[in-house]
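Chains as they are written, first to last, in my numbering: chain A, 1353 to 1647; chain B, 191 to 451. Below is one structure; the comments refer to it alone.
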């Protein structure tokens, strides 16, 4: 009787040990899946992180919840600057997830990065800004950035009036920088395409210089001048009907017309270039508080 | 009772198999190199060990990702991995870094230098265009089992590296001669001919009182071809060195093969 009891107790101990070992291992892995994913971000191995988060069970780890997996993938893709894939994942993070707010801010920022300001604003809607908390201010701060990107100065001023960003050290310096960028946008002088064309017609290259492309202007002046002088020399020595004059005259005419056309186009390109630079500065400035708060 | 123990053993086997399936070795054997690196990193996370980082670098190396393999090795501190680093730098075409690692490795213990080390060192010398030094190394330090009279087939004493700066400078003094020095006499002849033609055009324009054409077209063209030709001579010297490197390494391969037959 005693022997039978001992046998049963022995079997029970072995069975419980087996179950305990298996459960302990699995539980430990569940807890560490998230930390392991973060570890890949820390060591900068993004491709590896994406691979791991996509199928943690392949590496003996329990799968993550849908929201957490989407958040992590979004974050990995964001680090890799694969914006569309990051947006695709971050948008899947549910409202109840503890990562929802962070995902929303990054989602809005990345929409703005792609120039999709409508979706950028729409993304921020779910953030509650009724309280005087940092989330509300961060939301307003990002909205002020979107307004600048859209060159909507009135809307920008309204936001600045309603919110006191100086209360939050994370946002205050960046907000000041946005203010300076607003100044740049307002001070931007419109250059006349007609004026640039006329200047280039009078002196080749002068239109480029007026737009601000001094080097290109000088090059245009020299190249057009070279053909102009040779055309003049050919005309003087061989007359209007000479082959030499036909060649150099055509080259000079081509360069001269291209110089006028280039000046006119240059006005638009220069404006675009300056706007792109300002937009890039706005996006970089908008990004700073996000990194401070969430990275 | 027997059935019970059999069941326990089965569970243990299943349990250990599921652990093995996720191991770096297993994935590496399957050719899943990136997955293998991930598995090694996860193993490292749970029990840090430099040998796991070394295995991780092997996984990257097998997948052809040498930069990441080097980055993995850079995290190792407990043992010397200079040779492995040198090899990866070589594969990643960073010959200077490879050479430095090889020098470092040779300082650890000169007696432990293997044939792999000698091969890598010789190849590094060749890649650095130090052909004379490579020849001396082959003759005096390690000949890879090649017969002494066959060593010249790998690299003869006439093999010299072309200096790209020298080729450039010669072409500035004597247009076309830089290309000829680099081993491309035909191209040098064409380049020289074109520059003489440009100079002739300039001269012809000037004596016929086409001053602007003479200066602005003839001289400008001559100047362009003159400088371009000199730069091209420098590039050709570099190209010739690459060809020589290829030739030496090809000969070395075939001579080693012959020696081992």
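For glycine and all other residues, C-beta sits at the position ideal for the given N, C-alpha and C. What you are looking at is a predicted structure, and each value in this text was computed from that prediction instead of being measured.
Partner residues on chain B for residue i, Cβ-Cβ distance less than 7 Å
i, result
"residue 1439 of chain A", "Simply none; closest approach about 24 Å."
"residue 1578 of chain A", "406"
"residue 1421 of chain A", "Per Cβ cutoff of 7 Å: no residues; residue 1421 of chain A is ~16 Å from chain B at best."
Buried versus exposed, by CB contacts within 10 Å (16 or more), residue i
i, result
"residue 1436 of chain A", "exposed"
"residue 1576 of chain A", "buried"
"residue 273 of chain B", "buried"
"residue 375 of chain B", "exposed"
"residue 1504 of chain A", "exposed"
"residue 1490 of chain A", "buried"
"residue 1447 of chain A", "exposed"
"residue 1365 of chain A", "exposed"
"residue 1485 of chain A", "exposed"
"residue 433 of chain B", "exposed"
"residue 1644 of chain A", "exposed"
"residue 397 of chain B", "exposed"
"residue 325 of chain B", "buried"
"residue 414 of chain B", "exposed"
"residue 352 of chain B", "buried"
Chain B residues whose Cβ lies nearer than 8 Å to that of residue i
i, result
"residue 1589 of chain A", "399 and 400"
"residue 1399 of chain A", "224"
"residue 1404 of chain A", "228 and 232"
For residue i, three-class secondary structure by DSSP
i, result
"residue 1468 of chain A", "coil"
"residue 366 of chain B", "coil"
"residue 1483 of chain A", "coil"
"residue 1452 of chain A", "helix"
"residue 1382 of chain A", "Model confidence at residue 1382 of chain A stands at a pLDDT of 46, short of 50, so the residue's coordinates are unreliable; what they give is reported in the following sentence. If DSSP states are grouped into helix, strand and coil, residue 1382 of chain A belongs with the helices."
"residue 1560 of chain A", "helix"
"residue 398 of chain B", "coil"
"residue 1413 of chain A", "coil"
"residue 444 of chain B", "helix"
"residue 257 of chain B", "helix"
"residue 265 of chain B", "coil"
"residue 1547 of chain A", "helix"
"residue 333 of chain B", "coil"
"residue 1591 of chain A", "coil"
"residue 278 of chain B", "helix"
"residue 434 of chain B", "helix"
"residue 223 of chain B", "helix"
"residue 271 of chain B", "coil"
"residue 382 of chain B", "helix"
"residue 347 of chain B", "coil"
"residue 425 of chain B", "helix"
"residue 1542 of chain A", "coil"
Interface partners of residue i on chain A, CB under 8 Å
i, result
"residue 229 of chain B", "1411"
"residue 243 of chain B", "The contacting residues do not exist; residue 243 of chain B stays about 11 Å from chain A at best."
Close Cβ partners of residue i (< 7 Å) along its chain, the five nearest in sequence each way excluded
i, result
"residue 259 of chain B", "247, 250, 251 and 278"
"residue 225 of chain B", "217"
"residue 1459 of chain A", "1439, 1442, 1443 and 1475"
"residue 1536 of chain A", "1630"
"residue 1404 of chain A", "1388, 1389, 1392 and 1411"
"residue 1401 of chain A", "1389, 1392, 1393 and 1428"
"residue 1455 of chain A", "1423, 1426, 1442 and 1445"
Sequence-distant residues of its chain with Cβ nearer than 8 Å to residue i (five each side left out)
i, result
"residue 1379 of chain A", "Confidence at residue 1379 of chain A is low in this model, with a pLDDT of 47, below 50, so the placement of that residue should be treated as unreliable; the coordinate-derived value is given next. Counting only Cβ-Cβ distances below 8 Å, and skipping sequence neighbours, we find nothing."
"residue 1382 of chain A", "With a pLDDT of 46 at residue 1382 of chain A, under the threshold of 50, the modelled position of this residue cannot be trusted; read the value that follows with caution. 1413 and 1414."
"residue 1487 of chain A", "1453, 1479, 1480 and 1481"
"residue 1618 of chain A", "1548, 1559, 1560, 1563, 1565 and 1568"
"residue 435 of chain B", "316, 317 and 319"
"residue 1571 of chain A", "1557"
"residue 449 of chain B", "334, 335, 336, 337 and 340"
Run of the alpha helix (DSSP H) containing residue i, from where it starts to where it stops
i, result
"residue 1641 of chain A", "1595-1646"
"residue 220 of chain B", "214-220"
"residue 1517 of chain A", "Premise fails: residue 1517 of chain A is in no alpha helix (DSSP H) and is neither H nor E."
"residue 1405 of chain A", "1398-1406"
"residue 1447 of chain A", "It is not in any alpha helix (DSSP H) - residue 1447 of chain A carries neither H nor E in the DSSP assignment."
"residue 405 of chain B", "Looking at the DSSP string, residue 405 of chain B is not in any alpha helix (DSSP H), and its letter there is neither H nor E."
"residue 344 of chain B", "341-344"
"residue 285 of chain B", "285-298"
"residue 1528 of chain A", "1524-1539"
"residue 317 of chain B", "305-317"
"residue 451 of chain B", "Premise fails: residue 451 of chain B is in no alpha helix (DSSP H) and is neither H nor E."
Under 9 Å from the C-beta of residue i: neighbouring residues of chain B
i, result
"residue 1624 of chain A", "The premise fails here: residue 1624 of chain A is roughly 33 Å from chain B at the closest Cβ pair, so nothing lies under 9 Å."
Per-residue contacts from residue i into chain A (C-beta, under 7 Å)
i, result
"residue 403 of chain B", "1582 and 1585"
Cβ-based neighbour list, residue i, same chain, cut-off 6 Å, excluding 5 preceding and 5 following
i, result
"residue 1639 of chain A", "none"
"residue 1601 of chain A", "1583"
Amino acids of chain A, ordered along the chain, whose beta-carbon sits closer than 9 Å to that of residue i
i, result
"residue 235 of chain B", "1384, 1387, 1388 and 1391"
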